[in-house]
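Peer 1:
Numbering (our numbering), first residue to last: 3 to 560.
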């Protein structure tokens, strides 16, 4: 190769090195920089001095270091040229790769809404603690479930609900130590790790303080919202030696709070484990009951108090279990709603009612109204209610049906009025406000309701003749219902004195309760009874002695 060719190649090599997008730095054996291409010089003196030293000091000769807003992968190695040793360092911009990796980690381990660790990251952290725990190590795991969070979403909006979740997470984080961890594991569910802890009393006090912090009002979108949470706590190693056991037992303790006074704190004990086992057994039996169609209907008439003519019947849910025992809704309805089983149960009851209409007409009178109960959670479930109304409409008898809903369903940010009520009206069914006076009673909201019937809760009716203040409220509710064009029904009428008061002091004619008839399954009603086989429209007419009241029988009907 000629001298000219060698010179040309050297020039070409120098141009190529300078044009490389990768930083190239060469140091001699005294640590002096003898070559730095243009890409390196753009990074400043840190690239020509500090980064090569950091790479050489690393066992693998490779480090990833920030340079300004960029992340650089620095690799250094020794090379020998003509018996002289040089250090050759390359610098590659890995900012984009680093951001992608960070985004993937965030998606895998970080909750997008709150910025908290998610279930996966939290579980790994606890399992690491368990794996290296010594004999004296103790930590606490708390399961936190916000109370009535669905109401916040429905009444104020989902954006307000998201704001509450962020506010809650900030409040809890503000009370934590660097060694603690909070994670969001579900829609309105959080788990908290307190590590380390000393004793039960101190742990309970710390969690209670967090609970109180959560109860402070939040001002969101101009609304003052009062959040609260039910919290269950388990301790390592007292209550379990794995994450799953500790989480399950904290969950059991949380449900203990939910079953009592919400917004409190409960520490796990063994009795809760037995309760959780029993709950799981009921859940399994409920699922089997749906599969085997073991739900049936009881019927209770709505009666004209003056004539005892039957104006309608209310269909009440019953569960005939595998042993033939009949269960009222109070035994299982809350769990069915919580597990999302109530929709299928309601559709089964609708189907059973439709099949029973010929017998209803034969016993109670042709053409009477038929009332079905719809849970508040269902009433604002637009897909379910659309399906329900379609099924009801296809029977051709929807005009005979009255859907009874508690006040809560009507006051859910207009969702029921706007999207569900038109479906009900379209098939010709009517709507009743059930248990009025004990729920979310609001005169402003009541003015917007277009219901057909108002059922006064039994708490206003019981011993009404002895309670002057309840009498005032009863007359006010009656006047309100009539003024808004709703028929008024008195629920839970059980004694002659209650009937006498209602007839003498109010305009209410329609009543329902044990005084007239208890709820009965169709196969329990004796069709040969003269009170039932009397002229159509007369049911259970009774001779009333002025000195003797009918025996009061109090029983949970729902």
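A virtual CB, placed ideally from N, CA and C, is assigned to each residue, including glycine.
Treat the numbers as computed from the prediction; the structure is a model and nothing was measured.
When the Cα of residue 142 is compared with those of 501, 149, 128, 136, which residue comes out closest?
Peer 2: By one-based count along the chain shown, residue 142 stands at place 140. Considering only alpha carbons, the answer is 128.
Peer 1: Cα separation between residue 331 and residue 198?
Peer 2: Taking the chain shown and counting its residues from 1, the one referred to as residue 331 is at position 329. Taking the chain shown and counting its residues from 1, the one referred to as residue 198 is at position 196. Going from the Cα of residue 331 to the Cα of residue 198 covers about 44 Å.
Peer 1: Using 8 Å as the cut-off, can you tell me whether the region 237-255 makes contact with the region 220-228, which would need three or more C-beta pairs spanning the two stretches below that distance?
Peer 2: Not touching, per the Cβ criterion.
Peer 1: Hey, residue 29 and residue 68: beta-carbon distance below 9 Å or not?
Peer 2: Walking along the chain shown from the start, residue 29 turns up at place 27. Walking along the chain shown from the start, residue 68 turns up at place 66. The answer is no: Cβ separation not under 9 Å.
Peer 1: When the Cα atoms are used, what is the spatial distance from residue 459 to residue 494?
Peer 2: If you number the chain shown from 1, residue 459 lands on position 457. If you number the chain shown from 1, residue 494 lands on position 492. Taking the straight line from one Cα to the other gives about 7 Å.
Peer 1: Using a Cβ-Cβ cut-off of 7 Å (strictly less than) and excluding sequence neighbours within five positions of residue 521, which residues of its own chain qualify?
Peer 2: The count along the chain shown starts at 1 and reaches residue 521 at position 519. 300, 301, 302, 318, 559, listed in sequence order.
Peer 1: Along the chain, which unbroken stretches of the beta strand (DSSP E) at least 3 residues long are found entirely within the region 286-316?
Peer 2: List check, beta strand (DSSP E) in window: 297-306.
Peer 1: So, do the region 400-408 and the region 365-379 have three or more beta carbon pairs nearer to each other than 8 Å?
Peer 2: The region 400-408 vs the region 365-379: in contact.
Peer 1: DSSP state of residue 116, grouped into three classes?
Peer 2: What you label residue 116 is simply residue 114 of the chain shown in a count that begins at 1. Reduced to three states, the DSSP call for residue 116 is coil.
Peer 1: Could you spell out where the beta strand (DSSP E) holding residue 432 opens and where it closes?
Peer 2: Numbered from 1 along the chain shown, position 430 holds the residue referred to as residue 432. Note, residue 432: beta strand (DSSP E), 432-438.
Peer 1: Could you tell me which residues DSSP puts in a beta bridge with residue 502?
Peer 2: By 1-based counting over the chain shown, the position of residue 502 is 500. BP columns for residue 502 are empty, so no partner.
Peer 1: Using a 10 Å radius around the Cβ and a threshold of 16 neighbouring Cβ atoms, would you call residue 324 buried or exposed?
Peer 2: Counting from one through the chain shown, the residue named residue 324 turns up at place 322. Answer is exposed; the Cβ neighbour count stays below 16.
Peer 1: Tell me residue 254's beta-bridge partners as DSSP assigns them.
Peer 2: Translated into the one-based positions of the chain shown, residue 254 becomes position 252. Answer by DSSP bridge pairing: none, since residue 254 is not bridged.
Peer 1: What are the residues that DSSP puts in a beta bridge with residue 163?
Peer 2: What you label residue 163 is simply residue 161 of the chain shown in a count that begins at 1. Per DSSP, none; premise fails for residue 163.
Peer 1: Does the distance from the C-beta atom of residue 492 to that of residue 527 stay below 9 Å?
Peer 2: What you label residue 492 is simply residue 490 of the chain shown in a count that begins at 1. What you label residue 527 is simply residue 525 of the chain shown in a count that begins at 1. In this structure, residue 527 does not lie closer than 9 Å to residue 492 by Cβ.
Peer 1: If we ignore side chains and look at the alpha-carbon of each, how far apart do residue 504 and residue 417 end up?
Peer 2: Here residue 504 refers to the residue found at position 502 when the chain shown is read from its first residue. Here residue 417 refers to the residue found at position 415 when the chain shown is read from its first residue. Approximately 35 Å between the Cα atoms of the pair.
Peer 1: For residue 370, which of helix, strand or coil comes out of DSSP?
Peer 2: Counted from its first residue, the chain shown places residue 370 at position 368. Residue state, collapsed to three classes: coil.
Peer 1: What does a CB cutoff of less than 8 Å around residue 168 pick up in its chain, not counting 5 residues either side in sequence?
Peer 2: Counting from 1 along the chain shown, the entry for residue 168 is found at position 166. Only 115, 116 meet the Cβ criterion.
Peer 1: With DSSP run on the structure shown, which of helix, strand or coil describes residue 493?
Peer 2: Taking the first residue of the chain shown as 1, we reach residue 493 at position 491. Looking at residue 493 - three-state DSSP - the assignment turns out to be coil, as it is neither helix nor strand.
Peer 1: Per DSSP, what kind of secondary structure is residue 180 in: helix, strand or coil?
Peer 2: Against the chain shown, residue 180 aligns to sequence position 178. Residue 180: coil per DSSP, three-state reduction.
Peer 1: Looking at residue 489 and residue 456, is the spacing between their C-beta atoms short of 9 Å?
Peer 2: Along the chain shown, one-based indexing puts residue 456 at 454. Along the chain shown, one-based indexing puts residue 489 at 487. For residue 456 and residue 489, yes; Cβs fall inside 9 Å.
Peer 1: List the endpoints of the continuous beta strand (DSSP E) containing residue 268.
Peer 2: Translated into positions along the chain shown, residue 268 becomes position 266. 267-269 is the extent of the beta strand (DSSP E) around residue 268.
Peer 1: Please determine, among 295, 173, 150, the residue with the shortest C-alpha to C-alpha distance to residue 163.
Peer 2: Within the chain shown, residue 163 is the residue found at index 161, counting from 1. Cα-wise, what sits closest to residue 163 is 150.
Peer 1: For residue 230, which three-state DSSP category applies?
Peer 2: Here residue 230 refers to the residue found at position 228 when the chain shown is read from its first residue. Residue 230: coil per DSSP, three-state reduction.
Peer 1: Measuring CA to CA, which of 111, 420, 397 is closest to residue 430?
Peer 2: The sequence position of residue 430 within the chain shown is 428, counting from 1. Among 111, 420, 397, the Cα nearest to that of residue 430 belongs to 397.
Peer 1: Quick one: give me the first and last residue of the alpha helix (DSSP H) that residue 470 is part of.
Peer 2: As a working note, residue 470 is residue 468 in the chain shown. It spans 470-485 - the alpha helix (DSSP H) in which residue 470 sits, taken as one unbroken run.
Peer 1: Assess, as a yes-or-no matter, whether the region 93-110 is touched by the region 70-79 under the definition of 3 or more beta carbon pairs within less than 8 Å.
Peer 2: Judged by Cβ distances under 8 Å, the region 70-79 makes contact with the region 93-110, as three or more pairs qualify.
Peer 1: Rounded to whole angstroms, what is the Cα-Cα separation between residue 425 and residue 383?
Peer 2: By one-based count along the chain shown, residue 425 stands at place 423. By one-based count along the chain shown, residue 383 stands at place 381. Each residue's alpha carbon lies about 12 Å from the other.
Peer 1: Applying the 10 Å Cβ sphere with the 16-neighbour rule, what's the burial state of residue 549?
Peer 2: The sequence position of residue 549 within the chain shown is 547, counting from 1. In this predicted model, residue 549 has a pLDDT of only 27, less than 50, meaning its place in the structure is not dependable; the value taken from the coordinates is given anyway. It counts as exposed.
Peer 1: Could you tell me which of 282, 255, 261 sits nearest to residue 272, measuring between CA atoms?
Peer 2: One-based indexing of the chain shown puts residue 272 at position 270. Here the closest residue by C-alpha is 255.
Peer 1: What first and last residue would you give for the beta strand (DSSP E) that runs through residue 562?
Peer 2: Since the displayed the chain opens at 3 and closes at 560, residue 562 lies outside it and no answer follows.
Peer 1: Just checking my contact of residue 176 with residue 230 at CB under 8 Å: how many whole Å lie between their CB atoms?
Peer 2: In the chain shown, residue 176 corresponds to position 174, counting from 1. In the chain shown, residue 230 corresponds to position 228, counting from 1. Actually they do not touch by this definition, with Cβ atoms about 17 Å apart.
Peer 1: For residue 93, list the residues DSSP reports as bridge partners.
Peer 2: For this step, residue 93 is matched to residue 91 along the chain shown. Its beta-bridge partners are 25, 76.
Peer 1: According to the neighbour-count rule (16 or more other Cβ atoms, all chains shown, within 10 Å of its Cβ), is residue 282 buried or exposed?
Peer 2: In the chain shown, the residue the question calls residue 282 occupies position 280. By the 10 Å Cβ count, residue 282 comes out exposed.
Peer 1: Taking C-beta to C-beta, are residue 24 and residue 37 nearer than 9 Å?
Peer 2: One-based indexing of the chain shown puts residue 24 at position 22. One-based indexing of the chain shown puts residue 37 at position 35. In this structure, residue 37 does not lie closer than 9 Å to residue 24 by Cβ.
Peer 1: Mark residue 258 as exposed unless 16 or more other C-beta atoms lie within 10 angstroms of its C-beta, in which case mark it buried.
Peer 2: As a working note, residue 258 is residue 256 in the chain shown. The residue is buried, with at least 16 neighbouring Cβ atoms inside 10 Å.
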